[in-house]
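Everything on this sheet refers to the single structure shown next.
There are 2 protein chains.
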Amino acid sequence: MRERKKRETRAALAEAALRLALDKGPDNVTVEEIAEAADVSVRTFFNYFPHKEHAILGRNPEHLERALERMRTAPATESPLTTMWFVVDDVLRDLEREGELSRRGELIMSSPSLLYQLMMSSFEDERLLTTALAERMGEPTGSVRAALIVSAAGAACRVAMELHKSAPDRSVRDLVAEGFHVLAEGLDPGFDPTVPDETKTNHTMPEEQEGPS
Amino acid sequence: MRERKKRETRAALAEAALRLALDKGPDNVTVEEIAEAADVSVRTFFNYFPHKEHAILGRNPEHLERALERMRTAPATESPLTTMWFVVDDVLRDLEREGELSRRGELIMSSPSLLYQLMMSSFEDERLLTTALAERMGEPTGSVRAALIVSAAGAACRVAMELHKSAPDRSVRDLVAEGFHVLAEGLDPGFDPTVPDETKTNHTMPEEQEGPS
DNA sequence: TTAATAGTTTGCAGTGAGTGCAAGTTTGTT
DNA sequence: AACAAACTTGCACTCACTGCAAACTATTAA
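First to last, the protein sequences are chains A and B.
Quick note, in my numbering, the first sequence goes up one by one and the last residue is 213.
Quick note, in my numbering, the second sequence goes up one by one and the last residue is 1213.
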């Protein structure tokens, strides 16, 4: 069938992309090489992936679907972050099983363009997950908490991958789990953004430079 | 002097880039146009910025320096997230003052490539801030909490920018402030990743798909 | 003023990403 | 076998980005 062949081609391209990227460094691989290694034309490569990075990331579209499904069907008694945890855990288990986590993890964290791309595609996911979570929580779209749960979870994953690089003895899942616990219980009980000297005592606090700086 | 002229050229390029991006959409602007608008050659453009996105973002290098300084000199009594807040607030105030926040904010959030690029450069910053914060907290490099404080703060900023788009009545700073409070107090008091049916009752919880999926 | 010099700008040539189009090939259906 | 839909491919093209060497300009020394 066509379906199978397409899946094979896709897999072959992703596999070739990953292998070559690990070999020569992600920035020294050309699409031409990847296509050649998978025995298709360059043009065909772009029929499957919008760009090189996407092929190297080799994301499994199934994961997002499962995640959304899990989110929608979560038992009412389950707290939001807990649901989020199960969603993430599902993906992590899969990746561990496939041995992809260690194979791709470091590669991604060591390459800015890959990391960008991962984030990029994650953002799209985060948006969908946020919507699903807000709905599930019965909060309005635009809920800060729902959005924060999802994106902080993403942050925890990234932090875990980063830390795992320098401390390989702790598994990514372990680090993620710790991150979730910290997030759940509060990042900082002593948080108090009151400005001592100012006239107003309103809750005006400083931010990082995620905004354009 | 040469210094002044370089600063002027840089500013002219950034200004032209932003104006054109707002006009025609970030993806429909070519470097050629930007260079032309700033009266320099294309080649010169690339002497100033590594890519188009960087010019549109037009980040102010001063912000990172001030942030790191603030972090290093924070009073010992100030809790970590509070320090983080002041750091972020400093940048936000600056951007609001310059009117840049509204001008660039939406643009960035509406363009994947810009968002990627912003994250990209933010990651570098986050790394530096994390190191500084861990040191300040007296925690080892590799502290999950320190890393999470920084990257969750980044997440809060992004969420705020995103939500501000659909709810322009709430200022970005306000939304960020709310995010920080939520983070400080805990995302989810009911968090409990225990798997009911499993033999082990260890703290194994599911993750999002920030990892390569 | 003039001459040497160091920093900047620019043109040119080239690689590689990514896209649209039209022609060719494969696969599934009647 | 005939036909249509889906898929692949080559081609031509635009644009991002880089290295190199020539040209220019401000600074400094003589």
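Yeah, the Cβ is synthetic: ideal placement off N, Cα and C, and Gly gets one too.
Since we're looking at a predicted model, the values are computed, not measured.
Would you mind telling me which residues of chain A sit closer than 8 angstroms to B:Thr1082, beta carbon to beta carbon, in chain order? Those are Asp188, Gly190, Phe191, Asp192, Pro193, Met205, listed as they occur along chain A.
Report the neighbours of B:Glu1178 on chain A: residues whose CB is nearer than 7 angstroms to its CB, in chain order. Within chain A, the residues near B:Glu1178 are Val144.
Opening and closing residue of the alpha helix (DSSP H) in which B:Phe1049 lies: Premise fails: B:Phe1049 is in no alpha helix (DSSP H) and is neither H nor E.
Compute the Euclidean distance between the alpha carbons of A:Pro189 and A:Asp89, then round it to the nearest angstrom. Roughly 27 angstroms separates the two Cα atoms.
B:Arg1007 at chain A interface by Cβ criterion, 8 angstroms: Interface residue (Cβ-Cβ distance to chain A less than 8 angstroms): B:Arg1007 is not classified as such.
Verify whether the separation of the beta carbon atoms of B:Ala1152 and A:Ala152 is less than 8 angstroms. Yes. Within cutoff.
Any beta carbon of chain A sitting closer than 8 angstroms to that of B:Ser1213? Per-residue confidence for B:Ser1213 stands at a pLDDT of 46, beneath the threshold of 50, marking its modelled position as unreliable; no derived number is given.
In terms of alpha-carbon separation, which member of A:Leu18, A:Gly142, A:Ala35, A:Val150 lies closest to A:Thr82? Comparing Cα positions, the closest option is A:Val150.
Is there a C-beta anywhere in chain A that falls below 8 angstroms from the one on B:Leu1013? No, B:Leu1013 does not count as interfacial toward chain A.
Cα-Cα separation, B:Asp1169 to A:Pro140: Here the alpha carbons of A:Pro140 and B:Asp1169 stand approximately 16 angstroms from one another.
Quick one: is B:Phe1123 near chain A, going by C-beta distance under 8 angstroms? Judged by the 8 angstroms Cβ criterion, B:Phe1123 is in contact with chain A.
For A:Ser121 and A:Glu62, what's the separation of their Cα atoms in angstroms? Approximately 14 angstroms, taken between the alpha carbons.
Any idea if B:Met1109 is buried or exposed, counting beta-carbon neighbours within 10 angstroms, 16 or more meaning buried? Counting Cβ neighbours within 10 Å, B:Met1109 comes out buried, since at least 16 surround it.
Neighbour flag for B:Ala1074 against chain A, beta carbons, 8 angstroms: It does not; no Cβ of chain A falls within 8 angstroms.
Counting beta carbon pairs with one atom in the region 1175-1192 of chain B and one in the region 176-191 of chain A, are three or more of them shorter than 8 angstroms? Taking 8 angstroms as the limit for Cβ pairs, the verdict is that the region 1175-1192 of chain B does touch the region 176-191 of chain A.
Does DSSP classify B:Thr1131 as helix, strand or coil? Here B:Thr1131 sits in helix by DSSP.
Stretch pair the region 46-54 of chain A + the region 66-82 of chain A: three plus CB contacts closer than 8 angstroms: Contact annotation: the region 46-54 of chain A does not touch the region 66-82 of chain A, with fewer than three C-beta pairs closer than 8 angstroms.
If you check the beta carbons only, do B:Ala1055 and B:Thr1044 fall under 8 angstroms apart? For the 8 angstroms CB-CB criterion, B:Ala1055 and B:Thr1044 do not form a contact.
Candidates A:Val40, A:Asp23, A:Asp125, A:Asp174: which alpha carbon is nearest A:Glu8's? Across the set A:Val40, A:Asp23, A:Asp125, A:Asp174, the C-alpha of A:Val40 shows the shortest separation from the C-alpha of A:Glu8.
Where do the ends of the alpha helix (DSSP H) carrying A:Met161 lie? Where A:Met161 is concerned, the enclosing alpha helix (DSSP H) stretches over 144-166.
Rounded to the nearest angstrom, what separates A:Ala167 and A:Arg103 at their Cα positions? Approximately 16 angstroms between the Cα atoms of the pair.
Alpha carbon to alpha carbon, how far is A:Lys52 from A:Leu175? Approximately 29 angstroms, taken between the alpha carbons.
Can you find a CB in chain B that lies within less than 8 angstroms of the CB of A:Ala156? Yes, its Cβ sits closer than 8 angstroms to a Cβ of chain B.
Can you give me, in chain order, the residues of the region 1033-1045 of chain B that have a beta carbon less than 8 angstroms from any beta carbon in chain A? Using a CB distance below 8 angstroms, no part of the region 1033-1045 of chain B faces chain A.
Check the C-beta distance from B:Ala1178 over to A:Val144 and give it rounded, since I have them as a contact under 8 angstroms. Sequence inspection shows Glu at residue 1178 of chain B; the Ala mentioned does not correspond to that position. Sure, about 5 angstroms apart at Cβ, within 8 angstroms.
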